[in-house]
Amino acid sequence: MKEGLALTLKNIAILLFYAAYTLVKLFYFQILPYALHFLIDITALSMTYIVVQPTWIKTFRRLRKWVTYAITGIAMVICGLWTIEHYYLFGSQLGIELYYIPIVLATLFLSTTAGLIVTGISNLILLLVKILVGSFQADYLIEMCLNILFTGLLVYLIRTVVNLRDQVANKQHVLLQNSRDLVIGINREGIIDVCNASMLQFLGVGKADVTQQYFWEVEEKLGAEENQAVEAIFSLLYTEKTAGCRELEIVKGGNSYTFSVNTYHFKDDGFINGRILVLSDLTERKEMERELEKKATEDKLTGLHNRGYFEAKFKEEKLRSERYHHQLSLILIDLDHFKRINDQYGHLAGDAVLRETARFIRSHVRETDCTARYGGEEFVILLPETGEEEAMEVAQRIHQGLADRIICHEEKEIRVSASLGVVTSESSFDLSELLGLADKALYQSKKNGRNQITSANSLREKEQYLEPER
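Using my numbering, the first residue of the sequence shown is number 152, and each one after it goes up by one.
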């Protein structure tokens, strides 16, 4: 509504301008001095191309080509009038020719043929004015032919450059529109002048809803407050002040997308003339990376972390424990008589027991704890910031829970028990030392009849205690 009103007011102003121009020429034709005539004509010519043409193109969107023809015609009338003024009123004084302007612009905006036609008409008007003002001379005819030849060459060169530019632009347009990357750009005024098909599809809009409009109007129209994807993308258009690359997480339609965002600035005389965002979809790659990382750090059978991940996690927690002087505990769990389960019920039943045991252990520890399958039927739990008393409570819950559980496999009920070794340290230590102590405690549980818990700190042998670092 606002845009339509603004166009109407502009068109009224244009009509008033041309009416004023016509009145000045009619009533003050022979009164005005040379410089003022020239100033009025050059102003009218500039107004025609700078203001009238874009306004009429917006007003008559489907008649763009015919608007260009009309603008060229108006420019030729102004230039023809100047030619008459120049030779009729002032003779050869300061011979400034304006007809080159519509020739060049017709060549740029229309075609080589249009440029040549304007060249011929302009030179013909010039010849007729000279004959009417003075008398026919053969030199005028020769001059016209040379002018047409020279200007025709200029038209050809201009059009050749334009065609080469258009070929490059067309190739870039094809690449842009067929790119899987999401591309959107604005000019210096904040008008969206670039938006490829991938971006339109992602936003769920048509080209007419986005291009050649102010980005804040489009953002409001698309409902950025309710649409997180729109808000995330459009906020980058005015917050990314420096060119560069970053990653962006966008949630759309319940799905999460990861993009690599590259920002490019276009400069004119040192000033930023526009900005383009290129969003490359990394969702599949990130998913593959997560899948690979999962395979590299997860035990395939149980879904727990594997030994490699546990050892890396232990190094991290060891450093934190030493830096902040926190206690660190470890529980080693071994299923009793697991070989007997495999022999009696089969290896598939044994795998089911391992999966159920892993699921049960994972459900009885904190998210900050690290649970891993350390090998065979052996599991290990790393408990950061946990003292011996708390670690023993966790071990007792797991021990009792496993003893009470019945694992069903192919209509068979399987009971399991476990032996556990618990160790806690407050001083400097390494993994092999801590595991060695936990393993000795676990061995003591086995030796004492299995299905029980032993704390390494409760063993009386001196080598089974953790000594503080000296």
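Beta carbons are placed, not taken as given, at the ideal position from N, Cα and C, and that holds for glycine.
Remember, predicted model here, so these are calculated numbers, not experimental data.
*Excluding five sequence neighbours on each side, which residues of the same chain lie with their C-beta closer than 7 Å to the C-beta of G454?*
A509
*Residues bridged to S431 (per DSSP)*: S411
_Simplified DSSP assignment, three categories, for G552_ = helix
*Helix, strand or coil: which one does DSSP assign to N347?*
coil
_Which residue marks the beginning of the alpha helix (DSSP H) containing Y594, and which one marks its end?_
L582 to K598
_Exposure label - A546; buried when at least 16 CB within 10 Å_ = buried
*Are G552 and H498 close, meaning C-beta to C-beta below 9 Å?*
no
*Taking F511 and T522 to be in contact with their CB atoms under 8 Å, please state how far apart those CB atoms are, rounded to whole angstroms.*
Going by Cβ atoms, the distance from F511 to T522 rounds to 11 Å, so no, they are not a contact pair.
_Cutoff 7 Å; reference E528; Cβ partners in own chain excluding five residues on either side_ = D485, L486, F489 and L505
*Kindly indicate which residue of A359, F385, T362 and V356 has the alpha-carbon position closest to the one of E370.*
F385
*asked:* Less than 9 Å between the C-beta atoms of L483 and S472, yes or no?
replied: no
*asked:* If you follow the beta strand (DSSP E) that D485 is in, where does it begin and where does it stop?
replied: L479 to L486
*What is the DSSP secondary structure of E518, reduced to helix, strand or coil?*
coil
_Any contact between the region 569-586 and the region 597-610? By contact I mean 3 or more CB pairs, one from each, below 8 Å._
yes
*Would you report the Cα separation of K469 and S583, rounded to the nearest angstrom?*
12 Å
*Could you pull out every residue in the same chain whose Cβ sits closer than 7 Å to the Cβ of P619, ignoring the five residues on either side in sequence?*
With a pLDDT of 47 at P619, under the threshold of 50, the modelled position of this residue cannot be trusted, and the question is left open.
*asked:* Beta-carbon within less than 6 Å of C346's beta-carbon, same chain only, minus the 5 sequence neighbours each way: which residues are those?
replied: I335, V361 and T362
*As assigned by DSSP and simplified to three states, the class of I182*: coil
*Taking all protein chains shown into account, do 16 or more other C-beta atoms lie within 10 angstroms of the C-beta of H324, making it buried, or fewer, making it exposed?*
exposed
_Candidates L277, W367, N413 and E442: closest to L428 by CA position_ = N413
*Where N329 and S349 are concerned, what is the direct C-alpha to C-alpha distance, given to the nearest angstrom?*
8 Å
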